[in-house]
Amino acid sequence: MTHSSNPRRIEIVATGEELLMGKTIDTNSAHVAQQVAKVGFAVNRVTLVGDTEDDIADALEKALARTGLVVVTGGLGPTDDDRTRFAAARVFDRKIITSNPSLNRLKERWASVGREMPESNVRQAQFPSDAEIWQNMMGTADGFRCVGMDGKEGIGEACFMPGVPFELEDMTERYVLPWLRSKGGDAQVRSHMVRLFGLPESKVQEILGRDWPAADSGVSLIYGAAFPEIKLTLSTRADDAETADRLLGEATHYVREKIGDKIFSEDGKTLAETVADYLTRAGKTIALAESCTGGMIAAALTDVPGS
Numbered sequence: 003m004t005h006s007s008n009p010r011r012i013e014i015v016a017t018g019e020e021l022l023m024g025k026t027i028d029t030n031s032a033h034v035a036q037q038v039a040k041v042g043f044a045v046n047r048v049t050l051v052g053d054t055e056d057d058i059a060d061a062l063e064k065a066l067a068r069t070g071l072v073v074v075t076g077g078l079g080p081t082d083d084d085r086t087r088f089a090a091a092r093v094f095d096r097k098i099i100t101s102n103p104s105l106n107r108l109k110e111r112w113a114s115v116g117r118e119m120p121e122s123n124v125r126q127a128q129f130p131s132d133a134e135i136w137q138n139m140m141g142t143a144d145g146f147r148c149v150g151m152d153g154k155e156g157i158g159e160a161c162f163m164p165g166v167p168f169e170l171e172d173m174t175e176r177y178v179l180p181w182l183r184s185k186g187g188d189a190q191v192r193s194h195m196v197r198l199f200g201l202p203e204s205k206v207q208e209i210l211g212r213d214w215p216a217a218d219s220g221v222s223l224i225y226g227a228a229f230p231e232i233k234l235t236l237s238t239r240a241d242d243a244e245t246a247d248r249l250l251g252e253a254t255h256y257v258r259e260k261i262g263d264k265i266f267s268e269d270g271k272t273l274a275e276t277v278a279d280y281l282t283r284a285g286k287t288i289a290l291a292e293s294c295t296g297g298m299i300a301a302a303l304t305d306v307p308g309s
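Residue numbers for the sequence shown follow the working numbering, beginning at 3 and rising by one.
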């Protein structure tokens with residue numbers, strides 16, 4: 003559910019056989035989704051594909067058809083299985099060319115550690131023609147952005163970033179967010195999390211869903227169960243900060259009215275952290291003798307720093 007200013011939708015295509023095999027967790031897509039939400043965009047779908055050019059091109063083409071704006075991660079390295087740039091060239095109907103500025107930066111980087119650049123690394127300076135090159139300030143694989151034109155007019159835009167997390171995170175802040183702002187983003191986004199204990203998730207949904215007043219105004223409610231607590235995240239977007247704050251405040255007030263006696267935290271603290279804080283403030287200690295819980299309560303409390 004959204005407010006009057008519906009969030010623009012983008013898709014993510016994450017490449018790499020290691021993702022499909024479960025050897026690497028796709029944290030990059032989660033990071034991109036969190037960051038683009040700050041400028042009023044929402045991720046519509048995340049597609050994981052392997053390293054083959056055909057699979058990447060197919061996923062990219064379908065994502066562009068659905069949303070017109072796509073973020074692609076991974077596959078920009080120097081080895082034979084790094085095929086993302088070639089898939090991009092195929093989809094956007096471009097030739098692959100070598101960027102001399104990128105190539106020179108690569109050579110300088112290798113020279114700075116006293117080594118000659120391997121010939122295979124030239125691939126990292128190759129891009130689809132007419133691509134806007136995004137310099138990688140943290141590594142060797144520059145990113146790039148392609149826009150449909152000529153025979154591919156109207157297919158949309160896509161940006162391509164390396165899969166190394168800290169490189170992608172820097173590039174997202176440096177290039178992706180400004181790009182999305184230029185596409186009409188930057189709506190005001192607000193969210194608030196409450197944590198509660200003592201009700202099953204289904205019962206919470208039943209209580210709040212009977213006449214959820216925020217539905218028409220565009221406040222969404224996301225449920226998350228992580229034993230022994232329930233997390234509720236309220237989120238909204240609006241054209242201005244005042245409206246976003248008001249909508250979120252009204253929805254939060256409603257939640258407090260309905261289940262306030264079950265809420266133990268609105269500042270991000272877990273149940274164990276909340277209990278530990280209470281004991282510390284009260285100058286109390288706690289002794290536990292557990293059987294059926296197998297020491298879980300004691301473990302949760304002792305995991306809290308300073309407890």
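Glycine included, every Cβ here is placed at the ideal spot set by N, Cα and C.
In this text the structure is predicted, and so the values were computed from the model without any measurement.
Item                                                                                                                                                                 : Value
In the structure shown, what three-state DSSP assignment does D152 receive?                                                                                          : Because the pLDDT at D152 is just 46, under 50, the model does not fix this residue reliably, and the value given afterwards should be weighed accordingly. Residue state, collapsed to three classes: helix.
Report the option in T81, D82, P80 and G52 whose CA atom is closest to the CA atom of V74.                                                                           : G52
State the CB to CB distance for the pair A61 and T49, rounded to an integer number of angstroms; the pair is presumed to be in contact (CB under 8 Å).               : 5 Å
Take D152 and list the residues in its own chain whose beta-carbon comes closer than 8 Å to its own, dropping the five residues that flank it on each side.          : Note on D152: pLDDT 46, under 50, position unreliable in the model; no value is reported.
Need the endpoints of the alpha helix (DSSP H) that Q36 sits in, please.                                                                                             : T29 to A39
What three-state label does DSSP hand G42 in the structure shown?                                                                                                    : coil
Look up R111 in the DSSP assignment and say whether it is helix, strand or coil.                                                                                     : helix
For Y225, collect the residues of the same chain with a Cβ closer than 6 Å to its Cβ; drop the 5 residues on either side in sequence, then sort them by chain order. : E203
Would you kindly report the start and end of the unbroken beta strand (DSSP E) that includes P80?                                                                    : Segment: none, P80 is in no beta strand (DSSP E) and carries neither H nor E.
Which class does E159 belong to by DSSP, given the choice of helix, strand or coil?                                                                                  : strand
In angstroms with no decimal places, state the Cα-to-Cα distance between T304 and D279.                                                                              : 12 Å
Tell me, which residues are paired with I221 by DSSP?                                                                                                                : The amino acid occupying residue 221 in the given sequence is Val; Ile does not appear at that position. T238, per the DSSP bridge assignment.
Considering just the uninterrupted stretch of the beta strand (DSSP E) at R197, what are its terminal residues?                                                      : Q190 to L198
Going by other Cβ atoms of all chains shown within 10 Å of its Cβ, with 16 needed for buried, is E121 buried or exposed?                                             : exposed
Less than 9 Å between the beta carbons of V2 and V34, yes or no?                                                                                                     : A question about residue 2 goes unanswered here, because the residues of the chain that appear run from 3 up to 309.
Going by C-alpha distance, which of E208, E175 and N102 is nearest K260?                                                                                             : E208
Could you tell me the distance, in whole angstroms, from the CA atom of T100 to the CA atom of R125?                                                                 : 8 Å
To the nearest angstrom, how far is the alpha carbon of K109 from that of M119?                                                                                      : 6 Å
Does the distance from the CB of L198 to the CB of E231 come in under 9 Å?                                                                                           : yes
Among M195, V72, P167 and A133, whose alpha-carbon lies nearest the alpha-carbon of L182?                                                                            : V72
I209 bridges to which residues according to DSSP?                                                                                                                    : Note: I209 sits in no beta bridge, so no partner.
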